[in-house]
């Protein structure tokens, strides 16, 4: 299959979006759903074909290094000074890998939603939005230039907005979607300014041109400094801010937990597997440039590490299962960022980059699986809260097994997928600094703990009252995706990922470093054991521990009050002071001045008008007095 | 004797003029005001007689006191109900009126007094005789100091006035 | 040969004449719709003719130039001519007049008189865009201004007398400054009113600064430049639907176009020296309008403040004095014209049904009138710059253009680039604030539970409403997806202009 | 007592002042007309007096007064016709109520 077929993977979802969006309401729900799913199936097949062709055809290898391929590149918008924005398809290892990830998860979600969204109002609209999202996400990963990437960054933001707010009659969904859009918009502002700075110094948006000689570009901007950093550092840091917003890094993470208001398959697709890793993908895409600004890479490391710990701690205290998963997503993406941040070509052949991408790949699979399982559970229990669940292993065996596999994968237990990728990340981090290595290991332990806390609370613990509605495994359209993803989670670790994706396109052999792997397995097992002790059977120990650490638990439960701080800043300061202040200023000062002018004119007119009273006697009086004055003057002059 | 008699007559006339004109503008009853105006006009006619303009005095009596005032009285009777007093003046308006009147009297008085203080012309006896014949000739003549044209103009004016008055006041 | 540009005056005038003969509302509508459609067809043909003509004459500053002596003693001509900028503006006006006609399909009472004034207003607008003689330009500007007073004062809503008076007086104040400026240019550029000749002669450098300020402020009032923007919220809020559309969509563009064509093009040296002052003002108005829109509750006020913000961006981009930003400004005029017209059309339709414009009194309209709601969302997304819709292309071109390195303002400010970058970043921040107020309204108005149960009986859009909104949405999408269509018309026009301006930059 | 011109002019002046006062203060149209007559009358006196004292050989002052009286008669007749007509329309002859033709 030729690479140029990849255009179909973009156009088909776009066409489906237009078709379902414009005429979906006219067709039966079932037709719309099946149409969307079939189109997605075609897309998936082509995406796989393209990716496999790219990976396995030796014509794309030059001297053992895989070369990026520019499949299409058309001018979309011409700006002055030779600057132009192109639209096209650029396939390189990470793009091909993302094609696989996105199409797989999207396919699974399309299929799964046939069951999950069955009977929902706006079913057709849902499939239209899914197609739009798939289109935008694919467009993002195959972007040939940074501006195209920005365009699709915005597009995925909007699709995410539309899907989070899918239940638009619910106020909470509406405000969650609004929050998600505005927070990521704020981050995109940084991205945009970064792009503008970059374009100013490089005169091009094109990835190929930028990457061909990143050193000279960065150095050309090194002379200009602002607050001690060069313009290139600022540009790259701002671009990272854009990515961090999309990837929900601390402190821009606040939108992701709220985004769980959307339908659960959407959470699986957008807010676990694909869109939220766009930030990681962005940094990975620009990685050769980042190598020349180590201070920005350090910023990325620190942001990632802090976020990983923060999210893990918060996840331990949440009771809404989707929120636990959301925080776990944040934490896992932070792992990827940390790995990117510590990646250096001279350290272990740049393993961090490979590890990050590997983790992105495996995480998409098992996190997607976790969300789809959660969706199945919520579908049965009709609640997001842990308290409404328990002992479900008896009722939903397939869900139970697949969920367990995903938990083991995320906890980093061999031979599941998460073990291999997380191990590579830890190796990379230890190479750079022992401090961050220990830190990340601890976070990995926490991960195992909170995931198994979740697992036990759902599937063990006690048995609540299911009398009015007995849970059971869902229909096949929902379980098949679970099983497929579980299988992938089991075997994905054995993919020789380093042969496909490395920072420079070369080859890298993954080999387990047991001095790093053994302690991390041990720490994960400790986490699992603690969770087992605490949550296997219903008991009061967790409550007692929580109450003994009341402040910490409460703070973690309230997500360390970050949302409240944001609320204060946005509502009180920006809305309350700035917006209202400007509004007041506009109404009273600017407008007031104009009205004052009008009033002065009017007043002058009125006061003059009084003289024209229309009373003849007044006129006579004035005339007479005037005549008298004249007479007086004449008298005084003559006599 | 003549001088004293003249002075006494003058005094009476002057007092009458002043008193009645003041009364005619201050009286709140409009009919009385008209009556006081009549007395003022009489006094003026007397002044003309005293100055030797008998014809003028007669005209004054006939036209003014006899004609115009009757018009006034009729119109007053037509437009006011009995007991229909003018309401009390607003003090602001009265002040304005007083100011104007007093200022006017003061300025003109100052001018008159300061001008006529030295060269006060007194009543000369060198006055030409104003008998009816001379008046008639002057009115009907076309020479210098003869007034046929104004006379005719006035008559046309009066005609126009008659027609106008009829047209305006006619009931529709 | 007959000059196609005169069509744009002749068609409205003929429509006016035909309107006088109409007898009932059906005939009025038919005549108005025919006139508007003819205009649209003529505008589309003009685009085509312009592109073919441009291929023949790639170097001419203006095409379709024509000139008739009008008043010999003062050297006033009826001179017409277009370049790419005017062609796009004419196209925009034609689209808005066309959709506006359908948006005011049910205007009551005095339908005939309404359309008379409406067509007269559009005559002024078209005349303004085709003129290249300052006098005729000014005359048509006034022709466009006066009907506004009556249209708002008679067919408006709310505090309409105040709004109409305020709008007319402020714009008249602006045009007074403008008149002085135009007379100044006339006397200090060789006693001619023709723009091309003025450019050739050059305006006396000693007078440029004063004349620049006069003309820029004069047109800036119409372009809603801070602090002369206050007519716009009140005026838009009170105007009837189609008038808001035409006013925000086209009339405010007269300001931007005039600033560019008269103030900057004719006084390039002053633009280089004084532009930075206005850059501060327009930069302020971008952020200021956006913040003010955040707390308003009246839909039209929100949109009017958003217009202040977006039109501020137009003037801001023009002051960057480089090709990218200026073509961005034209795209923004086009985009904002269409988008805001769509907004006002939808607000008018919603208001016509719910009889309130207060967002707090409405909610969940998505369930009641899905077509209008989707239209509103599309307009909102265009406004906050979603790729694929026109707003994104325009704003990004402006932002990138304002980052382009350029020697302007260096002479006055030392490092002009730093100054421009700082302001570019500030204005770029407005995209976030725009998102805030747009989403706030969308969330409150369209989503959420139905606020007022009485609204449940309301119907969705009628055919004429659908027709006008779909036309606008289509135009927005076309520009957003294929920006080089519009850019292609513009490209050749800016070369000589920017060269002319840059000759004065140090 | 020597009767100089001043003696005759002073009462006429006072009469004129009264006329002014009345004209400004009175509300009734007829009263205003009366005040007008007073002023006119005082002017007539002045003509006559000046004629008599300063130019005793001529008759211009007298004739002027004569014509003035005639014109005053005409004017009064017309004014009263108008007043009566106004009274028909507004049932009132106060100047302050005559606002029908204002604005």
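Chains as they are written, first to last, in the numbering used here: chain U, 1025 to 1663; chain Z, 1018 to 1189; chain A, 3 to 508; chain E, 121 to 223. Positions of the beta carbon are idealized from the N, C-alpha and C atoms, including for glycine.
> Closer than 9 Å, Cβ to any Cβ of chain E: which residues of the region 1638-1657 of chain U, in chain order?
Replying inline: Cβ contacts with chain E: 1638, 1639, 1640, 1641, 1642, 1644, 1645 and 1648.
>> Taking the beta carbon of residue 1651 of chain U as the centre, do at least 16 other beta carbons fall within 10 Å, making it buried, or is it exposed?
In response: If you draw a 10 Å sphere on the C-beta of residue 1651 of chain U, you find fewer than 16 other C-beta atoms in it, and that means exposed.
> Which runs of the alpha helix (DSSP H) spanning at least 4 residues fall entirely within the region 93-146 of chain A, listed in chain order?
Replying inline: DSSP runs (the alpha helix (DSSP H)) wholly in the region 93-146 of chain A: 113-132.
> Can you give the Cα-Cα distance for residue 323 of chain A and residue 1602 of chain U, rounded to whole angstroms?
Replying inline: Roughly 31 Å between the two C-alpha positions.
> If you compare alpha carbons, which of A:458, A:499, A:121 and A:439 is closest to residue 267 of chain A?
Replying inline: Ranking A:458, A:499, A:121 and A:439 by Cα distance to residue 267 of chain A puts A:499 first.
> Hey, out of A:444, A:48 and A:466, whose CA is closest to residue 304 of chain A's CA?
Replying inline: Of A:444, A:48 and A:466, the residue nearest in Cα terms is A:444.
> Hey, is residue 1061 of chain Z's beta-carbon within less than 9 Å of any beta-carbon in chain U?
Replying inline: Residue 1061 of chain Z has a beta carbon lying at 9 Å or more from every beta carbon in chain U.
> How do the region 423-439 of chain A and the region 335-345 of chain A stand: do at least 3 beta-carbon pairs fall below 8 Å, yes or no?
Replying inline: No, the region 423-439 of chain A does not touch the region 335-345 of chain A.
> Would you call the CB atoms of residue 1174 of chain U and residue 1130 of chain U closer than 9 Å?
Replying inline: No, the pair does not count as a contact, with Cβ atoms beyond the cut-off.
>> At the level of alpha carbons, what is the spacing between residue 1168 of chain U and residue 1229 of chain U?
In response: Approximately 9 Å between the Cα atoms of the pair.
>> Could you compute how far the alpha carbon of residue 212 of chain A sits from the alpha carbon of residue 224 of chain A?
In response: Cα-Cα distance, rounded: 19 Å.
> Apart from the five residues on each side of it in sequence, which residues of its chain come closer than 8 Å, Cβ to Cβ, to residue 1057 of chain Z?
Replying inline: Leaving aside the five residues that flank residue 1057 of chain Z on each side, the residues in its chain whose CB is nearer than 8 Å to its CB run, in chain order, 1033, 1034, 1037, 1038 and 1041.
>> Could you check whether the Cβ of residue 1603 of chain U sits closer than 9 Å to any Cβ belonging to chain Z?
In response: The beta-carbon of residue 1603 of chain U is placed no less than 9 Å from the nearest beta-carbon of chain Z.
>> With H, G and I counted as helix, E and B as strand and the rest as coil, what does DSSP make of residue 504 of chain A?
In response: Under the three-state reduction of DSSP output, residue 504 of chain A falls in the helix class.
> Mind checking if residue 140 of chain E is an interface residue toward chain Z, Cβ cutoff 9 Å exclusive?
Replying inline: Yes - at least one Cβ of chain Z is within 9 Å of the one on residue 140 of chain E.
> Between U:1217, U:1121, U:1300 and U:1144, which lies nearest to residue 1204 of chain U when the distance is taken from Cα to Cα?
Replying inline: Ranking U:1217, U:1121, U:1300 and U:1144 by CA distance to the CA of residue 1204 of chain U puts U:1300 first.
> Is residue 1126 of chain Z close to chain E, meaning its C-beta is less than 9 Å from at least one C-beta of that chain?
Replying inline: Yes, its Cβ sits closer than 9 Å to a Cβ of chain E.
> Is residue 78 of chain A helix, strand or coil when you go by DSSP?
Replying inline: Of the three classes helix, strand and coil, the one that applies to residue 78 of chain A here is strand, per DSSP.
>> For residue 382 of chain A, which residues in the same chain have their Cβ closer than 6 Å to its Cβ, ignoring the five residues on either side in sequence?
In response: Excluding residues up to 5 positions away in sequence, 440 and 444 lie with their Cβ nearer than 6 Å to the Cβ of residue 382 of chain A in the same chain.
> Closest to residue 1363 of chain U by CA distance: which of U:1397, U:1438 and U:1455 is it?
Replying inline: Closest option to residue 1363 of chain U, judged by alpha-carbon separation, among U:1397, U:1438 and U:1455: U:1455.
>> Less than 6 Å between C-beta atoms, sequence neighbours within five positions excluded: which residues of the same chain meet that for residue 1109 of chain U?
In response: Closer than 6 Å at the Cβ level, and outside the excluded window around residue 1109 of chain U, lie 1100, 1101 and 1171.
>> Taking the beta strand (DSSP E) that residue 1097 of chain U belongs to, which residues open and close that run?
In response: Going by DSSP, residue 1097 of chain U is part of the beta strand (DSSP E) stretching over 1093-1102.
> For residue 69 of chain A, which beta-bridge partners are listed by DSSP?
Replying inline: Looking at the DSSP assignment, residue 69 of chain A forms a beta bridge with A:81.
> What does residue 136 of chain E touch in chain U if you count any residue whose Cβ is under 9 Å from its own?
Replying inline: Result: empty, since nearest Cβ-Cβ is about 11 Å, beyond 9 Å.
>> Helix, strand or coil, according to DSSP, for residue 1208 of chain U in the structure here?
In response: Annotated three-state conformation of residue 1208 of chain U is helix, per DSSP.
>> Quick check: the region 311-323 of chain A against the region 400-415 of chain A, are at least 3 beta-carbon pairs closer than 8 Å?
In response: Contact between the region 400-415 of chain A and the region 311-323 of chain A is present: 3 or more CB-CB pairs across the two stretches fall below 8 Å.
> Between the region 1151-1168 of chain Z and chain E, which residues of the former have a C-beta closer than 9 Å to a C-beta of the latter?
Replying inline: Taking 9 Å as the Cβ-Cβ cut-off against chain E, the residues of the region 1151-1168 of chain Z that qualify are 1151, 1152, 1155, 1156, 1162, 1164, 1167 and 1168.
>> Taking contact to mean 3 or more Cβ pairs, one atom from each stretch, closer than 8 Å, check whether the region 105-113 of chain A and the region 74-89 of chain A are in contact.
In response: Counting C-beta pairs with one atom in each stretch, the region 105-113 of chain A and the region 74-89 of chain A have fewer than three that are closer than 8 Å, which means they do not touch.
> In terms of alpha-carbon separation, which member of A:185, A:415 and A:84 lies closest to residue 8 of chain A?
Replying inline: Per the Cα distances, A:84.
> How long is the line joining the alpha carbons of residue 1153 of chain U and residue 183 of chain A, rounded to whole angstroms?
Replying inline: Going from the Cα of residue 1153 of chain U to the Cα of residue 183 of chain A covers about 54 Å.
> Nearest-angstrom Cα distance between residue 164 of chain A and residue 384 of chain A?
Replying inline: Residue 164 of chain A and residue 384 of chain A: Cα-Cα distance of roughly 32 Å.
>> Measuring only the C-alpha atoms, how far is residue 105 of chain A from residue 470 of chain A?
In response: So the alpha carbons of these two residues sit roughly 6 Å apart.
>> Assuming residue 173 of chain A and residue 228 of chain A are in contact, meaning their beta carbons sit under 8 Å apart, how far apart are those beta carbons, in whole angstroms?
In response: That pair is no contact at about 16 Å.
> Is the beta carbon of residue 1408 of chain U less than 9 Å from the beta carbon of residue 1488 of chain U?
Replying inline: No, Cβ-Cβ distance for residue 1408 of chain U and residue 1488 of chain U is not below 9 Å.
> Is residue 1342 of chain U buried or exposed, if buried means 16 or more other CB atoms sit within 10 Å of its CB?
Replying inline: Buried is the label assigned to residue 1342 of chain U, since at least 16 other Cβ atoms lie within 10 Å of its Cβ.
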